[in-house]
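Everything below concerns the one structure shown next.
Number of protein chains: 4
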Amino acid sequence: MRVAVLRGPGDVALEERPVPEPGPGQVAVRVISVGVCGSDTHYYDHGRIGRFVVEEPLVLGHEAAGDVAALGPGVTSPAVGQRVSIEPGVPDLTCAQCLAGRYNLCPNMRFFATPPIDGAFAEYVVVHAAFAHPVPDTVSDDAAALLEPLSVGIWACRKGRVTAGSRVLVTGAGPIGLVSVQTALAFGATEVVVSDVNPARLDLARELGATAVVDARTSSVTDLDRPPEVLLECSGHPAATAQAIRSLAPGGRAVLVGMGGDELPLPLSVVQERELELTGTFRYAGTWPTAIALVASGRVDLDRLVTGTYALGRAEEALTAGRRDHLSVKVVVHPQR
Amino acid sequence: MRVAVLRGPGDVALEERPVPEPGPGQVAVRVISVGVCGSDTHYYDHGRIGRFVVEEPLVLGHEAAGDVAALGPGVTSPAVGQRVSIEPGVPDLTCAQCLAGRYNLCPNMRFFATPPIDGAFAEYVVVHAAFAHPVPDTVSDDAAALLEPLSVGIWACRKGRVTAGSRVLVTGAGPIGLVSVQTALAFGATEVVVSDVNPARLDLARELGATAVVDARTSSVTDLDRPPEVLLECSGHPAATAQAIRSLAPGGRAVLVGMGGDELPLPLSVVQERELELTGTFRYAGTWPTAIALVASGRVDLDRLVTGTYALGRAEEALTAGRRDHLSVKVVVHPQR
Amino acid sequence: MRVAVLRGPGDVALEERPVPEPGPGQVAVRVISVGVCGSDTHYYDHGRIGRFVVEEPLVLGHEAAGDVAALGPGVTSPAVGQRVSIEPGVPDLTCAQCLAGRYNLCPNMRFFATPPIDGAFAEYVVVHAAFAHPVPDTVSDDAAALLEPLSVGIWACRKGRVTAGSRVLVTGAGPIGLVSVQTALAFGATEVVVSDVNPARLDLARELGATAVVDARTSSVTDLDRPPEVLLECSGHPAATAQAIRSLAPGGRAVLVGMGGDELPLPLSVVQERELELTGTFRYAGTWPTAIALVASGRVDLDRLVTGTYALGRAEEALTAGRRDHLSVKVVVHPQR
Amino acid sequence: MRVAVLRGPGDVALEERPVPEPGPGQVAVRVISVGVCGSDTHYYDHGRIGRFVVEEPLVLGHEAAGDVAALGPGVTSPAVGQRVSIEPGVPDLTCAQCLAGRYNLCPNMRFFATPPIDGAFAEYVVVHAAFAHPVPDTVSDDAAALLEPLSVGIWACRKGRVTAGSRVLVTGAGPIGLVSVQTALAFGATEVVVSDVNPARLDLARELGATAVVDARTSSVTDLDRPPEVLLECSGHPAATAQAIRSLAPGGRAVLVGMGGDELPLPLSVVQERELELTGTFRYAGTWPTAIALVASGRVDLDRLVTGTYALGRAEEALTAGRRDHLSVKVVVHPQR
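Residue numbers (our numbering), protein chains in the order written: chain A, 106 to 442; chain B, 106 to 442; chain C, 106 to 442; chain D, 106 to 442.
Here's what the structure looks like:
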């Protein structure tokens, strides 16, 4: 089969590899759609993300969907031919974190496209059967792939306890920010303000349901009429984050989703006097059933985010789409093409 | 001013009374719309609800909205002329329950239209200023009145922890059941099944967004394809409740909203093996901001529930509308007419 | 090796069987102490518990500790020779319930001494390595075995949200009730009232820290000076349970631990007006680390509960100790003797 | 009556003032014991704390107990003569925060010894009757006063979700840190590590039940064998706080109690990868019943913290005790002497 391999920063090439065989408890999935994530682009550009360094050739891509091609020993479901969305991180299931229902914090997690684990820019991948989630016909192939970033938004809303009537601020209108807008609305938020410096992204945020937008080049989130109760921080800029935290209402929650910077200069008197809560987020746990329900019910529209589609042979173009086109939001690779 | 007074079972008459003066911390409200609740009808029919007995003439009506007519000593807001929705139960604010944020359980609660406290079938009422909630122009007068039953639905969804992707069963499609359908959807539920014996009510439930309906005369909620995670029990029938509890998924929650019967025959092995949770509900606390946000944002449509409008002089007709017309859902009284 | 096998109601015999080999991911444990549980006694007396029927010879015993005798393929810890407490229910780890952190509700749970899974009245057993929890030297062998019933008490306190200053009522002073008394205290409860009909049990409850006792033959829990906030129901008597629920404070929680009877006649007006919560409990999840910490720190004394010790050849005597001696609380079998 | 008045930084003088009359809903309390808090000392030294500036003469002291001397109009309890502990912050009870059960965040809070509200270094004070909490005989006068700092510890443990078996790190062994040690133990923590630079304070921490201590001059909390799950930060040093956050286990919670510094340099990758939660704390809400229960049951010993007692005329000495004696922990003023 063909795979697109990152051989070094800025160097992706197509290779032939044997089709992987599913081991016990695994299924092989014929990959139909794979989203390109900012982490893929970062590995492509820099060859590393923090302490994760690409030392051997690495297959990128962790937002993937396809249909089941083969079952490993002992597997009875999902059936061959079933269309599935892949949850790309498989924990050991038995450590203290896993048994406590926090499998996202498993120290032995094997996560697609994170060195040294290969990802899904490939015609076939294998994955634990329980992490290949069947999707109904009402969910498109691309949407099935994008259940992964949707899971990030769902996890953020859970951590932020977004509920009916919540007032939410989303900082950063990139793919995760835009997904978070939709997710916050699906959790019942009635005010969703989005800030960014890119007017095209803000327009899209409005189209996706944001109730107000803030152009961060000219306005500040601290000038909002009614202070938000929840911050979903998707920009990854520490200074912007600190500013956004200052905008929160007493009792508010700040959820850090974006990555960037080493230290956040947390404004202590604001945190203390308003008794704010802040939480990190690391991937997600138990989000796929919710993600499938939200897309299948029409509450979240992931197809609307797709601004480009590439064959596997053009994976490198997919990885660089964002730098070429500032209107690009989310591009997907279709490995079977 | 004119008030409609319940003088005994089946006996409502119009009387003239002095316009009430707001005391310290209170406002007077010129009442524009008052919903008729099942409890009003029950007092009208039977002169009592459980241990609450109508021993003196009683003004019914506790779902009320209007505009502020006068401010008591020390009150600065809401302003005279402001349109408000009335939260009809005023707690003592200082008991252990109140200080714990559970003011609905305040033993000294003074609740409209609950003996011996008069209600809102009147041209004017007085209420604590903090319990007269300003509503925006996008909320109609009738909807402002019906924020009270909406609060019941909000409270039920909070207790049931309804969230994005929840599968919910609503038993009973009366006004509270129909409000709960909309509320569950507003909290993000993606499956909302409604059961009732009245096909017209089930049609309305579908129209309001129910994803499936069960005609309880011919089908059982225990035959659902996917078991619900949350039961919002709005029928008040103990046997139906026990049956609905049997339909719940492991880890499910049953929220009792409807009142009726003395004992619920709880199926113990089901509760234990599935580790079900059950909770009573008693009115609500802190729901008005959410209720206003849900209606103002268009997520809940209360006007759609109004099937009849009556002048104050026809309050008795309003109280008996349900028994005359099985298509009646919610009727309102307009005291200024 | 020798095992004590239940061949039919009232018929336990010693048999020779091959020492079991640990499979992949498993360890073999040389069993040192096994507690006798009410469920063991019930199987012995009746050959069934509800829908679980003993159709083939069954080894009883699910409260077990020992030391690791052999490691299955792929296992690196716990090490051979390590003393461990066995968590007797091993879920599939990958179903929706497991991934949600509720592995106790796993539909594919394999639980010791529950037909057709054999238990621990044996010289050796095998178990998943992650369910063989290392215990420090400060925990005795018998206490290590009794971490299982302690887990039941921990789960009950978690479900009941027992915390510092809680007022708790424990109905039933059998082994689970007595463990729950200690657990409630360890969770910070400052009032723990215990009711039972057996004065010796009540004396022991006091000795273990109960702040008050109620002899249910002559007094009622509804006469308490201050109503409890949490009920840990360990008697399994529906009528007593209903009575105890009536004693709860507004906002109180009832946790059903005891099993018995088909239906609980739930007093509806009390549940509604006080907004009570009730929850079933089914085994436990993630309790061993807490259980170990509570015993190792001296907060819970399990050795105090042991009223008899039996060699494996006297397993039948152990199973009938309770019916012979009303002062018996918890007996243990020592299979290596 | 006599009061000790702060007239400017470093200037406290005894004055005669009229005995205050309790208004409606209030009681007058004859003050028996008042603790000296770090905030009192800070006002004494600097004349301000952040945005709170002493512009008029101010009576300090907000940790107070006494007996009820007179009832205002409408008050029936507590009775005259009843010994009470004073909760020193009285909210408006009706704002959105109050109605949501978060009265500590009330924007209209009137808090003792916070400009321009006078405190309790006085023979008599008046306070809302619901904030004068009756204490049983088993609680000493000094302990009754010190229920206020105990409330800070209780609030911290609630925010940190300390429960049975928790591993807790307390940074800073001043009065609040030492109270937090005891509180964490009362909430069921089985490991409570304390760090400070003062060996005498660490000795006292051990005596009060800390399971381990870290001398921060020579060791680091990041070297602990088992990482703590909860940080109760009582030092108020941003750099120490950042370091302590780095010591937390995945899923850990950091509770900021100490005040100091403008910005906390939050280590972002640690917060994200371990999915840490951090929360500010601002005073407390609904803690007195728990505080009373913990002291009355003997679980917390507040008297042990008292290292000095002063008559009202020596209030200034009380305020400077800490700077004179590094072994001083908590001093109290007895206004009736």
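Quick reminder that beta carbons are idealized off the backbone N, C-alpha and C, glycines included.
query, result
"Roughly how many angstroms lie between the CA atoms of R311(A) and G143(A), to the nearest whole one?", "22 Å"
"List the residues of chain A that D367(D) touches, going by C-beta distances under 8 Å, in chain order.", "P372, L373, S374"
"If contacts are defined as beta-carbon pairs under 8 Å, then F292(A) and G293(B) qualify, I think. What distance do you get, rounded to the angstrom?", "5 Å"
"Keeping to the same chain, check which residues put their C-beta closer than 7 Å to that of S420(C); ignore five residues upstream and five downstream.", "The question names Ser, but residue 420(C) is Ala in the sequence shown. Cβ neighbours of A420(C) beyond the five flanking positions: A109, V117, F226, V438."
"Between the Cα of R306(A) and the Cα atoms of G277(A), P239(A), M364(A), V232(A), which residue gives the shortest distance?", "G277(A)"
"Taking C-alpha atoms, which residue in S402(D), L432(D), G206(D) lies nearest to A317(C)?", "S402(D)"
"CB G365(C) to CB R379(C), shorter than 8 Å?", "no"
"Could one say the Cβ of P333(A) lies closer than 8 Å to chain D's Cβ atoms, at least one of them?", "no"
"Going along the chain, which residues of its own chain have a beta-carbon closer than 7 Å to the beta-carbon of C262(C), five neighbours each way excluded?", "T288, A289, F292"
"Give me the residue from G314(A), H342(A), R215(A) with the minimum Cα distance to R388(A).", "R215(A)"
"Closer than 8 Å, CB to CB, is R306(A) near chain D or not?", "no"
"Using the beta-carbon count (16 or more within 10 Å), is T181(B) buried or exposed?", "exposed"
"Assuming P129(A) and G179(A) are in contact, meaning their beta carbons sit under 8 Å apart, how far apart are those beta carbons, in whole angstroms?", "5 Å"
"Please state the DSSP three-state secondary structure of R263(D).", "helix"
"If we ignore side chains and look at the alpha-carbon of each, how far apart do D430(B) and D246(B) end up?", "24 Å"
"Can you check whether the C-beta of T199(D) is within less than 8 Å of a C-beta belonging to chain B?", "yes"
"At the level of alpha carbons, what is the spacing between C200(D) and A205(B)?", "14 Å"
"When the distance is taken between beta carbons, is V319(B) closer than 8 Å to I281(B)?", "no"
"Can you name the residues of chain B whose CB is closer than 9 Å to the CB of F387(C)?", "P355, Q377, E378, R379, E380"
"Do P394(A) and L417(A) come within 8 Å of each other at the CB atom, strictly closer than that value?", "no"
"How would you label R188(C), buried or exposed, when you count the other beta carbons within 10 angstroms and need 16 or more for buried?", "buried"
"With distances taken from CA atoms, which of D328(D), G177(D), S340(D), S138(D) is nearest G363(D)?", "S340(D)"
"Quick one: which unbroken beta strand (DSSP E) runs of 3-plus residues sit fully inside the stretch 340 to 368 of chain D? Chain order, please.", "358 to 361"
"Check the C-beta distance from A344(B) over to I350(B) and give it rounded, since I have them as a contact under 8 Å.", "A344(B) to I350(B), Cβ: 11 Å. No contact."
"Is the CB of T392(C) under 8 Å away from at least one CB in chain B?", "no"
"Quick one: which chain C residues come within Cβ less than 7 Å of G270(D)?", "P394, T395, A398, L399"
"Could one say the Cβ of G293(B) lies closer than 8 Å to chain A's Cβ atoms, at least one of them?", "yes"
"From the DSSP secondary-structure annotation, give me the bridge partner or partners of P370(D).", "P370(A)"
"In three-state DSSP terms, what is E160(D)?", "coil"
"With a cut-off of 8 Å, does the C-beta of A205(D) fall near any C-beta of chain B?", "yes"
"Please list the residues of the stretch 205 to 232 of chain B that have a C-beta atom closer than 9 Å to any C-beta atom in chain D, keeping them in chain order.", "A205, G206, R207, Y208"
"Which whole-angstrom value describes the C-beta separation of Q136(A) and Y208(A), a residue pair presumed to lie in contact below a C-beta threshold of 8 Å?", "Here residue 136(A) is Val; the residue named in the question, Gln, does not match the sequence. That belief does not hold up - the Cβ atoms of V136(A) and Y208(A) are roughly 23 Å apart, past 8 Å."
"What beta strand (DSSP E) runs, 3 residues minimum, are completely inside the stretch 222 to 255 of chain D?", "229 to 233, 237 to 239"
"Looking at P440(B) and the ligand NAD, is the gap between the Cβ and the nearest heavy atom below 7 Å?", "Inclusion of the ligand NAD in the displayed structure is not the case, the ligand content being empty and no account of it being possible."
"Taking all protein chains shown into account, do 16 or more other C-beta atoms lie within 10 angstroms of the C-beta of H238(D), making it buried, or fewer, making it exposed?", "buried"
"In chain order, what residues of the same chain have a beta carbon less than 7 Å from the beta carbon of R112(B), not counting five sequence neighbours either side?", "A118, P162"
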